[in-house]
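Asks: Just passing along the structure, written as structure tokens.
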Amino acid sequence: MHDWITTPVTADLLRGALDVEHTEHGVLPHRLPARARAQNTDGQLAMAESQPAGVRLVFRTRATAMELDALPTKRTYVGAPPRPDGVYDLVVDGRPAGQGSVLGGNVITVDMAAGTSEVRPGPHGTVRFDGLSCEVKDVEIWLPHNETTELIALRTDAPVETAPPADRRVWLHHGSSISHGSDAASPRNTWPAVAATLGGVELINLGLAGSALLDPFTARAVRDTPADLISVKIGINIVNHDVMRLRAFGPAVHGFLDTIREGHPDTPLLVVSPILCPMHEDTPGPCFPDFSALGEGRLRFRTLGDPAERASGKLTLQVIREELARIVKQRAAEDPNLHYLDGRELYGESDSAELPLPDGLHPDAATHRLMGERFAGVTFGSDGVFSSD
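If you're matching positions, the sequence shown starts at 4 in this note's numbering and goes up one per residue.
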């Protein structure tokens, strides 16, 4: 038996969140501020930003056991296999120390063929970690990157205090579902989290599944968030949503970067183009789920675009890479801290042959780790644009 001490979950115990909302159950970490959320009407983005990719509870304690009550919101898809429960990663003094999941919770059942969804309320649950040393230690509990998570109560068998501020540089990264975490094995194994660990930096992950669309409110969120290093990965959602043509894309990129520079005029800023995605390299979007594959219990995507539509300004990944490289080269003449990285350095042709994208869009767990290792080597290495040397 433990003599539990309950510690309220407050903003000073959370890292990686830009806002904390008080709910009837507890607190809900958000990855976009309230002003940005108020300007959004898209359900996909609302879901994505409330999923705490890169968000973690951080505290110092002598506790040998701890419990976290949480209310997750999980997703299932009609006709597809059940998704695994979200994973909580425990880190003690910088080293992995355990994993767990919270059962139960709310369930959103999505019927992609009908374009509908249904919410079934469920009970909260508890993730428990024990068998820890009684020494003073710094603890991180990384929240599931793919489940909206309301935090209800933190219990420990020794007092908790706020951990001192990290002495590491803060890296803020924005991107699509691939940066959000897609099919990574756990929150510390998304490619940005892997890269942050190897690079020795504090991560703020603004990867927003399906929502890296050059939204002005996202640019303002980046502008207004303290950071030592910034990267923005642009392209795949622009293509697979078919949201704009080449004429609009260039000015939108300039506007996005202009807004970031208003708050971070000299911060190292890296523009990353899309990783290889064979179906969109030369073929525009939009793309949609392949419902025939869904009926077989597999989720795959296919594009409805036509390569001939490039002539009318429709965007492909090849076109986007060329335009991003051009824009960065043009701006870098007056902005020496602006840099470009071709995403195919993280995942390219040879990788596609060995580690194909399982659903045609998203990397699997092994590819997330590979991308994180490569990003760390290219950017945080001695010759990298984020090098501390």
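Where a beta carbon is used, it is the ideal one built from N, C-alpha and C, also for glycine.
At a cut of 8 Å, does the stretch 260-267 reach the stretch 224-243 through at least three beta carbon pairs?
Replies: Counting Cβ pairs under 8 Å, three or more are found: they touch.
Asks: If you draw a straight line from the C-alpha of residue 89 to the C-alpha of residue 246, how long is it?
Replies: Taking the straight line joining both Cα atoms gives about 31 Å.
Asks: Do you know how far the Cα of residue 343 is from the Cα of residue 325?
Replies: Each residue's alpha carbon lies about 11 Å from the other.
Asks: With DSSP as the reference, identify every bridge partner of residue 71, one or two as the case may be.
Replies: Per DSSP, 130 and 157.
Asks: Pull up the CB-CB distance for residue 80 and residue 122, whole angstroms please, since I reckon it's below 8 Å.
Replies: The Cβ separation is near 14 Å, so there is no contact.
Asks: Suppose only complete runs of 3+ residues qualify. What are the beta strand (DSSP E) ranges in the stretch 290-372, listed by chain order?
Replies: Fully enclosed beta strand (DSSP E) runs of 3 or longer: 290-292, 304-306 and 341-344.
Asks: In this structure, how does DSSP classify residue 26 when only helix, strand and coil are distinguished?
Replies: Residue 26 falls in the coil class under three-state DSSP.
Asks: Could you check what DSSP says for residue 53 in three-state terms: helix, strand or coil?
Replies: The answer is helix: DSSP assigns residue 53 an H, G or I state.
Asks: By Cβ distance, which residues of its chain are closer than 6 Å to residue 2, with the 5 residues on each side in sequence left out?
Replies: Nothing about residue 2 can be reported from this structure: the residues present for the chain run from 4 to 392 only.
Asks: In this structure, does DSSP put residue 200 in helix, strand or coil?
Replies: Residue state, collapsed to three classes: helix.
Asks: Taking C-alpha atoms, which residue in 140, 63 and 39 lies nearest to residue 15?
Replies: Out of 140, 63 and 39, 63 has the C-alpha closest to the C-alpha of residue 15.
Asks: Return the first residue and the last residue of the beta strand (DSSP E) that residue 254 is part of.
Replies: Residue 254 -> not in any beta strand (DSSP E); alpha helix (DSSP H) instead, spanning 249-266.
Asks: Cα-Cα, which of 150, 100 and 328 is closest to residue 111?
Replies: Cα-wise, what sits closest to residue 111 is 150.
Asks: Can you find the residues in the same chain that come closer than 7 Å, C-beta to C-beta, to residue 349, ignoring five residues on each side of it along the sequence?
Replies: 278, 374, 377 and 378.
Asks: Tell me which residues share the same chain as residue 155 and place their Cβ nearer than 7 Å to its Cβ, disregarding the 5 neighbours each side in the sequence.
Replies: For residue 155, where only same-chain residues beyond five positions count, the Cβ hits under 7 Å are 28, 29, 72, 73, 74 and 127.
Asks: At which residue ranges does the stretch 172-251 contain complete beta strand (DSSP E) runs of 3 or more residues, listed in the order of the chain?
Replies: Listed in chain order, they are 173-178, 205-210 and 232-236.
Asks: In the DSSP assignment, the beta strand (DSSP E) including residue 123 goes from what residue to what residue?
Replies: Unbroken beta strand (DSSP E) run through residue 123: 119-123.
Asks: Using alpha carbons as the reference points, say which of 216, 320 and 363 lies closest to residue 347.
Replies: Ranking the options by Cα distance to residue 347, first place goes to 320.
Asks: Can you tell me which of 341, 358, 59 and 366 puts its alpha carbon nearest to the alpha carbon of residue 388?
Replies: The shortest C-alpha separation from residue 388 is found at 341.
Asks: Is the separation between the beta-carbon of residue 68 and that of residue 160 shorter than 7 Å?
Replies: A contact, by the Cβ cut-off of 7 Å.
Asks: Below 7 Å CB to CB, which residues in the same chain sit around residue 37 once its five sequence neighbours on both sides are set aside?
Replies: Only 22 meet the Cβ criterion.
Asks: Cβ of residue 173 within 7 Å of Cβ of residue 230?
Replies: Yes, Cβ-Cβ distance for residue 173 and residue 230 is below 7 Å.
Asks: Which two residues bound the contiguous alpha helix (DSSP H) that contains residue 34?
Replies: Note, residue 34: premise wrong, no alpha helix (DSSP H); not H, not E.
Asks: Helix, strand or coil for residue 62, going by three-state DSSP, please let me know.
Replies: It is a strand residue.
Asks: For residue 132, which residues from the same chain have a beta carbon less than 6 Å from its beta carbon, with the 5 sequence-adjacent residues on both sides left out?
Replies: Only 69, 93 and 101 meet the Cβ criterion.
Asks: Can residue 371 and residue 192 be called in contact, C-beta distance under 7 Å?
Replies: Contact: yes.
Asks: What does the alpha-carbon distance come out to for the pair residue 369 and residue 194?
Replies: So the alpha carbons of these two residues sit roughly 10 Å apart.
Asks: Within the continuous beta strand (DSSP E) that includes residue 111, where are the two ends?
Replies: Element bounds for residue 111: 109-114.
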